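Counting in my numbering, the sequence shown tops out at residue 1719, every number present.
All C-beta atoms in this analysis are idealised placements derived from N, C-alpha and C, irrespective of residue type, glycine included.
This structure is a prediction, so every number in the text was calculated from the model and none was measured.
Quick notes on the structure that follows.
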Amino acid sequence: MMETRRIGAYAATHFRYAASDDGKVATITLDRPTRRNPLTFDAYAELRDLFRALALAEDVKAVVVTGSGGHFCSGGDVHEIIGPLTAMSMPQLLAFTRMTGDVVLAMRTCPQPIVAVVDGTCAGAGAMIALGSDFRIGTPEAKTAFLFVRVGLAGCDMGACALLPRVVGQGRAAELLYTGRVMTAEEGRDWGFFNRLVPGADALGDGHALARSLADGPTFAHAMTKKLLHQAWSMDLATEIEAEAQAQAICMQTADFRRAYEAFAAKERPTFEGN
């Protein structure tokens, strides 16, 4: 029998991690507020490792990612990352860029839906963490920038050229990646980057409410939806339709599917257990 794997009370080192009382909703808070929550080498690595662990976790059903102090994340720390990068060799640089990309890949391939709650600054790698999430709830104060070009780098970082055009469209993605300009909260909402805008005082609660509704839903089916959304990018329509047929047939064998039918027949609300 396969051993049940649990994250439980994960002891984070480079950000804050908290779980709901039942363990089903995990909250990751980037927590260096005096500098708008920048990332360090170790923070990247720990985020990658945590999302990889979540792929095997059976207790966590949904994840919220946010920042403290009125900001989401300002990207890589200028002094702790950008400066040292200028002195690294090509193999060292490639190891770093692959690691940062692995953060987004781990987010996209873990089965749990991820809700990003974005306030204030959301820039560089921070914008990519938001983009790598499944849902984005912004505040009117959110300012998002894929500002790699502003430090002399290409806009193609951490999967930006794959993900951003699918969310906001090719032309808008090109504008943001070539110029590095700030996308306002209203643009983000109108372009589909944000699912909605919520006043700052209510945003985290709204994000948790969404995560809770997902965690209390048919989580096996949610994981299948996320997987197919991700795989569809590399499939033609016929292949995707066949993959969805197989996925749906698998979901029809779950106890959640049977519970939903029995609840409907009894005119009751179904209780999903993720199996």
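*So which of A1665, M1668, M1627 has the shortest CA-CA distance to D1563?*
M1627
*asked:* What does the alpha-carbon distance come out to for the pair A1506 and R1449?
replied: 15 Å
_T1698 beta carbon less than 7 Å from that of F1664_ = yes
*Pull up the DSSP beta-bridge partners for C1517, would you.*
C1566
*Identity of the residue in Y1488, F1637, V1559 nearest T1544 by Cα*: Y1488
_So, at 6 Å on beta carbons, what are the nonlocal neighbours of W1635 in its own chain, with the 5 sequence-adjacent residues on each side left out?_
V1612, R1616
*Would you please state the rounded distance, in angstroms, between the beta carbons of H1652 and V1504? I believe it to be under 8 Å.*
Between V1504 and H1652 the Cβ distance is about 14 Å, and since that is not below 8 Å, they are no contact.
*Which of helix, strand or coil does DSSP assign to R1625?*
coil
*Does the beta-carbon distance from A1693 to V1559 come in below 7 Å?*
no
*Can you tell me which of the three DSSP states M1446 falls into?*
Unreliable positioning characterises M1446 in this predicted model, as indicated by a pLDDT of 40, which lies under 50. The coordinate reading is nonetheless provided below. Of the three classes helix, strand and coil, the one that applies to M1446 here is coil, per DSSP.
*Whose C-alpha, out of M1534, S1577, G1568, is nearest the C-alpha of P1555?*
S1577
_Spatial neighbours of T1473 in its chain, beta-carbon cut-off 7 Å, leaving aside the 5 residues before and after_ = F1459, R1460, T1510, G1511, S1512
*Report yes or no: do the region 1478-1493 and the region 1664-1674 share at least 3 C-beta pairs separated by less than 8 Å?*
no
_Status (buried if at least 16 other CB within 10 Å, exposed otherwise) for R1418_ = Within the shown structure, residues of the chain are numbered from 1445 to 1719, placing residue 1418 beyond reach of any answer.
*State the CB to CB distance for the pair T1583 and V1642, rounded to an integer number of angstroms; the pair is presumed to be in contact (CB under 8 Å).*
6 Å
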